[in-house]
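Residues in the sequence shown are numbered consecutively from 1, following UniProt numbering.
Backbone N, C-alpha and C define an ideal beta-carbon position, used for all residues, glycine too.
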Amino acid sequence: MSEDRTATPPFNPLDAAHLNDPDGPLAVARTRCPVSFPRPNLASVVTDEDVRYVLSRPEVYSNRGNFAIDGELELPAQLITMIDPPEHTELRGRLLRWFAPPRLRALRPEVERIVDKAMAGLPASGEVDLYESFVRAVPASVVFAFIGLPEHLWRDLEDWTDVINETMPEPLIDLPEMGNMIQAITEVVDRRRAGPPELRDVIDGLLHPQSGEQELSNVAAVTHIMQLILAATDTTRSLILNTVYSLLATDQWQTLARDRSKVANAVEESLRLDTPLQFVLRTAVREDTIGDTVIPAETKVLISLQSGNRDEQSWGPDAEEFRLDRDAASAHLAFGRGIHTCIGAPLARLESVCALNALLDAYPRMSLSDSYQWEKVRAPMMRRPKNLLVVLG
Ligand code: HEM
1 MSEDRTATPP
11 FNPLDAAHLN
21 DPDGPLAVAR
31 TRCPVSFPRP
41 NLASVVTDED
51 VRYVLSRPEV
61 YSNRGNFAID
71 GELELPAQLI
81 TMIDPPEHTE
91 LRGRLLRWFA
101 PPRLRALRPE
111 VERIVDKAMA
121 GLPASGEVDL
131 YESFVRAVPA
141 SVVFAFIGLP
151 EHLWRDLEDW
161 TDVINETMPE
171 PLIDLPEMGN
181 MIQAITEVVD
191 RRRAGPPELR
201 DVIDGLLHPQ
211 SGEQELSNVA
221 AVTHIMQLIL
231 AATDTTRSLI
241 LNTVYSLLAT
251 DQWQTLARDR
261 SKVANAVEES
271 LRLDTPLQFV
281 LRTAVREDTI
291 GDTVIPAETK
301 VLISLQSGNR
311 DEQSWGPDAE
321 EFRLDRDAAS
331 AHLAFGRGIH
341 TCIGAPLARL
351 ESVCALNALL
361 DAYPRMSLSD
371 SYQWEKVRAP
381 MMRRPKNLLV
391 VLG
C-alpha cells in the first residue's frame, strides 16, 4: 500500500495525544498507511517488516540524530546510539566485553543483593505503590554496580537520572541535575584514571584501552557512562512494572506464582506487548524505497518498535493479548535489531526475572488496588505507568 503525503497520518508522533495513547492510531496506520509523512522530512514506519527492514540497513539509515525528532541532541561527546561504523563498531566492541556471559554470571549475586535490599523495604501486606517502593531502585542500583560507581553516590545519581529521564527529549544542557551528575561521575573517573590500570569494571574498560583500541578522553568516558545509566534505568523499570501490571490485570499472577517455568516468557511477552522504548530514529543518507514508498535523502525516519511488536501480520490475530504461552515471544523488536541491538538485554532480562521471582515468592496473592488507574509516564519515548498501586496480599 502506498502512502498519501497529503492525508493526515493515522499515527502522528508530533501529536502529544498520539504519543500518550498510541495503540489505536498505530493499529490504523499498520493497515491503512504503513509509511506516512507527519511532515515532509519526517517519515514513520509501523509494520514489523518495515521496522526490521530499516534497522537492518545502517548503510542507508544512519543513527545520527537518533533520540531527537527535531534536530540533534547537544552533547559533549558522541553517544554510541548516535554514531555509525566504523566509530560505532569500535566503541560497541569495547562495551560488549562487559556483557559477556561470565561477567554477567559474576554480577548475579550483586543483582540478588540489590533485589533483596529493595524487597526488605516492602511491608508484609497492605497497599503500596510498587514503582516508588520497589521497582524504582532496582535497575538504577544494578547499573551503578555494573559500571563500578561507588555505592555512596547511588542515591543522588538515581535522583538526578530521574529528572534527566523526565526532561528528555527537551534540552538538558542547562539542567542542574545534569551538571551535578557530570561532576560526580567526572570526579570518579579522574580518581580512577590516576589509579592502577586494572580491568575490574566498565570504568576501567573505558579508561584503559586494550590493543587496537583508542585512548578515550575523560569527557568521552563520562559521556559513555551517562549513556549506559540512562539506557539502563527507566527502560528496565518499565519492563518490570509492565510485566507485573499485565500479570495482575489478566489474572495470571497467581498462575505464575504456582508455575515459575513461565517467568522468562512473561518478561518476553511484556517486552513485546508494552515495548519500554517505544521508538527509535534514523536519518536516510540517500534516497531509498520502503515497500513502494520513496524515502528522500535526509528524511528522518521514526521506527515504531511498539507497532512492529503488535503487528497482526507477524504475531497473529491475538497480537494485542498478553499470553504466557506465546511461541517465540522473544522474537520481538523491543531491544531493536541490527548493529545497534541493545547490548544490555541480558542484564535487563536477568534483573527482571530476579525481581519478579522475589515478588512472586513474597506475595503470591498480590492484586491491583481497586482504586488503581493506569496513567502513562510523561516521557514521550517510554511506555510504563507512572505508578502501580497494588495490595500485597
Ligand atoms: C528493558 C530494558 C531495555 C530496553 C527495552 C532497551 C532497549 C534498547 C533499544 C531499543 C536499543 C536500540 C537503540 C537503537 O537502535 O537506536 C538499545 C540500545 C542500547 N542499550 Fe538498551 N534497553 C534496555 C536495557 C539496557 C541496559 C540494562 C543497558 C546497559 C546496562 C542498555 C544499554 C544499551 C546500549 C549501550 C545501547 C546502544 C547499543 C548500540 O548503539 O550499539 N540497555 N536498547
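What is the C-beta distance between residue 135 and residue 240, in whole angstroms, given that I count them as a contact (C-beta under 8 Å)?
-> 5 Å
Residue 300 - containing beta strand (DSSP E), residue span = 300 to 304
Contacting residues, own chain, Cβ-Cβ under 6 Å from residue 356 (five flanking each side not counted) | 263
Measure the beta-carbon distance from residue 270 to residue 243 and round it to whole angstroms, keeping in mind my assumption that it falls under 8 Å.
-> 4 Å
Can the beta-carbon of residue 349 be found less than 8 Å from the beta-carbon of residue 275?
-> no
Using 7 Å as the cut-off, classify the Cβ of residue 31 as near or not near the heavy atoms of the ligand HEM, replying yes or no.
-> no
Residue 197 to residue 153, Cα distance in whole Å?
-> 23 Å
Can you list the alpha helix (DSSP H) stretches of 4 or more residues lying completely in the stretch 33 to 69, in chain order?
-> 48 to 55
Does the stretch 307 to 315 touch the stretch 224 to 241, meaning 3 or more C-beta pairs lie closer than 8 Å?
-> no
For the ligand HEM, is there a heavy atom less than 7 Å away from the beta-carbon of residue 387?
-> no
Using alpha carbons as the reference points, say which of 47, 55 and 69 lies closest to residue 15.
-> 69
Residue range of the unbroken beta strand (DSSP E) whose run includes residue 361 = Residue 361 -> not in any beta strand (DSSP E); alpha helix (DSSP H) instead, spanning 345 to 362.
Inter-stretch contact at 8 Å, needing at least 3 Cβ pairs: the stretch 137 to 153 / the stretch 211 to 220 | no
Where residue 250 and residue 322 are concerned, what is the direct C-alpha to C-alpha distance, given to the nearest angstrom?
-> 8 Å
Cβ-heavy atom distance between residue 85 and the ligand PLP below 7 Å?
-> This structure simply doesn't include the ligand PLP; it includes the ligand HEM instead.
So residue 36 packs on residue 10, CB below 8 Å; how close in whole Å?
-> 7 Å
Give the secondary structure of residue 337 by DSSP, where H, G and I count as helix, E and B as strand, and everything else as coil.
-> coil
Would you list the one or two residues that DSSP bridges to residue 281?
-> 302
By DSSP, does residue 385 sit in helix, in strand, or in coil?
-> strand
Smallest Cα separation from residue 176: which of 168, 186, 187 and 163?
-> 163
Relative to the ligand HEM, is the shortest distance from any of its heavy atoms to the C-beta of residue 89 smaller than 7 Å?
-> no
Own chain partners of residue 118 with C-beta closer than 6 Å, once the 5 adjacent residues on each side are dropped = 134, 137 and 138
At 4 residues or longer, and completely inside the stretch 151 to 204: list those alpha helix (DSSP H) runs for me, N to C.
-> 154 to 167 and 176 to 194
Residue 77 and residue 110 look like a contact to me (Cβ under 8 Å); what is the Cβ gap, rounded to whole Å?
-> Not confirmed; about 28 Å, so no contact.
Going by other Cβ atoms of all chains shown within 10 Å of its Cβ, with 16 needed for buried, is residue 272 buried or exposed?
-> buried
Considering residue 268, what are the terminal residues of the alpha helix (DSSP H) in which it resides?
-> 263 to 273
Contact set for residue 204: own chain, Cβ-Cβ below 8 Å, skip 5 residues either direction | 148, 192, 197 and 198
Cβ separation of residue 189 and residue 221, assumed to be a contact under 8 Å, to the nearest whole Å = 5 Å
Are residue 247 and residue 256 closer than 8 Å when you measure CB to CB?
-> yes
What is the DSSP secondary structure of residue 292, counted as helix, strand or coil?
-> coil
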